[in-house]
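A.B. asks:
Below is the structure:
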């Protein structure tokens, strides 16, 4: 009976050379940089200058002016 591969068959494959071990520092560093940029963006979007900017996803919706 043939083994069904599926979408993750590539990850179960035996590699002829080490792949994940040399790439681990770069994957970890990428995660750290991603987290740092995310936190920096959140910190800057909550500053006084951008707190009420309508492009800010954290800004409170302003009610339209009454007629």
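Numbering (UniProt numbering), first residue to last: 1 to 67. Each residue gets a CB set at the ideal place from its N, CA and C atoms; glycine is no exception. Since the model is a prediction, treat every value here as computed from it, not as a measurement.
State the DSSP-derived secondary structure class of residue 24, mapped to helix, strand or coil.
C.D. replies: helix
A.B. asks: Quick check: what's the CA-CA separation for residue 24 versus residue 38?
C.D. replies: 21 angstroms
A.B. asks: Give the DSSP-derived three-state secondary structure of residue 42 in the structure shown.
C.D. replies: helix
A.B. asks: Going by CA-CA distance only, name the one from 16, 58, 29 and 54 that's closest to residue 43.
C.D. replies: 58
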